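Encoded as structure tokens, the structure appears first; notes follow it.
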Amino acid sequence: MASRLLLRTAFRAATSCRFARAPALSRCMAAGGIPTDEEQATGLEKVIMNAMKEGADPYNMMKPKNYAGSKADPHLVPSITNKRIVGCVCEEDNTAVVWFWLHEGEAQRCPSCGSHYKLVPHELPH
Ligand SMILES: [Zn+2]
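Structure (structure tokens):
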């Protein structure tokens, strides 16, 4: 009984109100669904999404590829300058990291384990 009275009151309020009719939504609902992340992304997020589709990694967000670390297949270290500091965990279960500067040019070796590292130029997309 109380719910019927409440429903009737709500119906009267809705029909007497001038703004009872809401204008039709013209965006996502009219298209038939919820927009995807790609449709909503703008600015830097869109640049990153487009680069990821092409397989590029403009901000080094992905896990680095595995290299042998030998002279023929050195670890490639991207850098926007001509040098970069590198930390090498020489063995898998080491708790200490060996830090050293890697300069542009030929591949350099880790002073502790001898793995080869090579600096490669990297351009930021903006
Ligand atoms: Zn090392």
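The sequence shown stops at residue 126 when you use UniProt numbering, and every number in between is there. Built from N, CA and C at the ideal position, the CB exists for glycine as well. Predicted, not measured: the structure shown is a model, and the values here were computed from it.
Do residue j and residue i have their beta-carbon atoms positioned less than 8 Å apart in this structure?
i       : j       : result
His-103 : Arg-109 : no
Tyr-89  : Leu-119 : It is Val, not Tyr, that sits at residue 89 in the sequence shown. In this structure, Leu-119 does not lie closer than 8 Å to Val-89 by Cβ.
Ala-41  : Met-49  : yes
Quick check on the DSSP output: the alpha helix (DSSP H) that includes residue i runs from which residue to which?
i      : result
Ile-48 : 43-53
Asp-37 : 37-40
With which residues is residue i paired in a DSSP beta bridge?
i      : result
Leu-76 : Lys-118
Gly-87 : Trp-99
Below 8 Å on the Cβ atoms is my guess for residue i versus residue j; work out the distance and round it to an integer in Å.
i       : j      : result
Pro-121 : Ser-70 : Rounded, the Cβ-Cβ distance is 22 Å, inconsistent with contact.
Trp-99  : Lys-83 : Not quite, the Cβ-Cβ distance comes to about 13 Å (not below 8 Å), so this is no contact.
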